[in-house]
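These notes are about the structure you will find just below.
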Amino acid sequence: AGEALAGIDPNLAALEKEHEEITKVKNIEKIEMGQWEVDTWYFSPYPDEYCRRKVLYICEFCLKYMRKVDTYAQHRQKCEMRHPPGSEIYREGNLSVFEVDGKMNKIYCQNLCLLAKLFLDHKTLYYDVDPFLFYVLTEVDDEGCHLVGYFSKEKQSPEDYNLACILTFPPYQRKGYGKFLISLSYELSKREGAVGSPEKPLSDLGKLSYRSYWTWSLFSVLHQRKGNLSIKELSKLTAIKMEDIISTLQSLNLIKFWKGQHIISVSQVMMNSYLHGPASRFRLCQSEFLVWEPSEKT
């Protein structure tokens, strides 16, 4: 529990090493997008005629993909888009998030999914984007809004999933943006008056990220609200599903089953050491910068 609380999971390095060693079946070697040239990780079902060259050129604003560098250069001169389509729902400093409807902006969202698949080994959504909303995170400068990452979410989820797929693109990894996107998904659930959970199964690295966020969120509430809180009350306050709360606390040996109910046993010292340690550096969604209300469900 001590290592987990300190944010130093011994499995992380092993998982990343295993990831590097996996034989990757790739149809595109590299992409050039904006100022970045990035090696791809996995296969993505781009049309065959775009997979016969080592480099695929992608506009960082509209996500149009091109085979030839000359075409790419001409497109960059002409493209008028400087931010994702849809509504800007979050602005904090140089961070901006756009909500993009897969039905209203089909080509953009399909291109986003194809691009993301180059860095995800398990993604299956490419073309059927209509039932999804996409929350696109960008870094903003004088040139425009540069694509950092995103998560997708079903418009209607009978299983109460608040996130279907999540990715931070390689140039922006290890900057805390994954935790930001996770925290945004729960902030949206709070605004909806709902509890949510990510679509299962999670990857091993996904489990680590979520477990870290869940621990922070639960400890924050427990630290602020001294006294007895039930699992149900914690779920309502954090928008985290009860089974995710129980599994997180059990993994830290902080939950006991007594007289037919779960009892949380955690000290202020333990919470302080976590919240003022690695967790204090988490980059999280701040609710005051979120301009968003849930739409009427039909």
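Numbering follows the UniProt record's numbering, with no gaps: position 91 of the sequence shown is 91. The beta-carbon is built from N, C-alpha and C at its ideal position, and this holds for glycine as well. Computed from a predicted model, the values in this text were never measured in an experiment.
Proximity of residue i and residue j at Cβ, strictly below 8 Å
| i | j | result |
| --- | --- | --- |
| M81 | C62 | yes |
| V140 | N111 | no |
| L222 | P198 | no |
| F180 | R281 | no |
| I31 | I58 | yes |
| I240 | S217 | yes |
| E92 | F289 | yes |
| residue 305 | G149 | The displayed coordinates of the chain run from 1 to 298. Any statement about residue 305 would go beyond what the structure contains. |
| Y126 | P47 | no |
Straight-line Cα distance separating residue j from residue i
| i | j | result |
| --- | --- | --- |
| N105 | K236 | 33 Å |
| D121 | Y177 | 20 Å |
| S183 | F151 | 11 Å |
| T23 | C165 | Any reading at T23 needs caution, since the residue's pLDDT is 37, under 50, leaving its predicted position unreliable; the model's value is listed next. Approximately 23 Å between the Cα atoms of the pair. |
| T138 | C145 | 5 Å |
| Y90 | L147 | 14 Å |
| K256 | F219 | 17 Å |
| K64 | T40 | 17 Å |
| H276 | K226 | 17 Å |
| E88 | M270 | 38 Å |
| I245 | L234 | 8 Å |
| Q268 | L229 | 14 Å |
| A194 | A73 | 46 Å |
| T215 | S209 | 10 Å |
| Q286 | L188 | 11 Å |
| Q173 | C113 | 18 Å |
| K153 | G86 | 15 Å |
Residue i in three-state terms, based on DSSP
| i | result |
| --- | --- |
| I28 | coil |
| V195 | coil |
| Q261 | strand |
| Y127 | coil |
| C113 | helix |
| H87 | Here the sequence assigns Ser to residue 87, which means His is not the residue at that position. It is a strand residue. |
| T238 | helix |
| Y57 | strand |
| M271 | helix |
| V266 | coil |
| V291 | coil |
| L202 | coil |
| L63 | coil |
| S44 | coil |
| S280 | helix |
Cβ shell of residue i (< 7 Å), same chain only, five flanking positions each side left out
| i | result |
| --- | --- |
| R211 | T248, S251 |
| E60 | M33, G34, H146, L147 |
| C51 | N27, I28 |
| P294 | R191, E192 |
Nonlocal neighbours in the same chain, by C-beta distance under 8 Å from residue i, ignoring five residues either side
| i | result |
| --- | --- |
| P171 | W36, V38 |
| K78 | none |
| L56 | I28, K30, I31, E32, Y46, Y50, Y65, M66, R67 |
Neighbourhood of residue i by C-beta, 6 Å cutoff - its chain only, sequence neighbours within 5 removed
| i | result |
| --- | --- |
| C102 | The sequence given here has Gly at residue 102, not Cys. Only C109, V129, D130, F132 meet the Cβ criterion. |
| V266 | L254 |
| Y186 | A239 |
| H262 | I231, I255 |
| A279 | W216 |
| F134 | V100, C109, Y150, S152 |
Whole-Å CB distance - residue i paired with residue j, under 8 Å assumed
| i | j | result |
| --- | --- | --- |
| L118 | Y42 | 6 Å |
| V136 | P84 | 4 Å |
| R191 | W258 | At roughly 35 Å, the Cβ-Cβ gap does not stay under 8 Å, so R191 and W258 are not in contact. |
| R53 | R76 | Going by Cβ atoms, the distance from R53 to R76 rounds to 18 Å, so no, they are not a contact pair. |
Below-8 Å beta-carbon distance, residue i vs any chain D residue
| i | result |
| --- | --- |
| E88 | Looking for chain D here will not work: only one protein chain is present. |
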